[in-house]
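If you use mature numbering (1 follows the signal peptide of the UniProt record, and there is no 0), the sequence shown corresponds to residues -19 to -1, 1 to 109, in order.
From the three backbone atoms N, C-alpha and C, an ideal C-beta is built for every residue, glycine too.
Single-structure report; data block below.
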Amino acid sequence: MRRRPALAAAALLALGGCAGQEGGSGVVEGGPVAYVTPSSDGGDAALLEGTVSVTDVCLTVVDELGQRWLPVFQRPRTTWDGTTLTYDGTSYTDGGHIRLGGGGSGSTDSTDYAPDGCEFDLAFYVAP
């Protein structure tokens, strides 16, 4: 009889571990982080590398050519605590180096949210 409660507890722990990528909503509308709710785990294979820049309005990435990119993160994989962006378990802060895979775009039409008044050259949709 003791096996059933132990099995049930183990099953609940296993299911709880699955909530990470699909469950959270760590970024909210009105903040500096642009996001999209992904429809799949696929993505483009381009690389964005640069320096994180956080202002009162938005979070951008400045590349080595000085272009300002608006990264559009996948909402379930992203949290923002007011100073630190965490994406897929890796944390980034203002002035830090960042490398992201995904694909560039000239617009934010496909986002669920993009900060109003954010100045950027191109958007970059971040892949998992």
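| Item | Value |
| --- | --- |
| Expected contact under 8 Å - CB spacing of residue 18 and residue 58 to nearest Å | So it is not a contact: roughly 11 Å between Cβ atoms. |
| Three or more C-beta pairs below 8 Å linking the stretch 28 to 42 and the stretch 65 to 84 | yes |
| Among 60, 15, 74 and 68, nearest to residue 51 - alpha-carbon criterion | 15 |
| Environment of residue 7 [buried if 16+ CB atoms lie within 10 Å] | buried |
| Three-way DSSP call (helix, strand, coil) for residue 96 in this model | coil |
| Test item: CB-CB of residue 113 and residue 53 under 8 Å | With the chain represented from -19 up to 109, any question about residue 113 goes unanswered, as that position is not in the structure. |
| Residue 36 versus 100, 85, 44 and 107, residue with shortest Cα-Cα distance | 100 |
| Limits of the unbroken beta strand (DSSP E) element including residue 81 | 78 to 86 |
| Contact set for residue 74: own chain, Cβ-Cβ below 7 Å, skip 5 residues either direction | 33, 64 and 65 |
| With 16 other Cβ atoms within 10 Å as the buried cut-off, status of residue 71 | exposed |
| Nearest-angstrom Cα separation, counted from residue 88 out to residue 98 | 14 Å |
| Span of the beta strand (DSSP E) around residue 35 | 27 to 35 |
| Distance, residue 108 Cα to residue 11 Cα | 22 Å |
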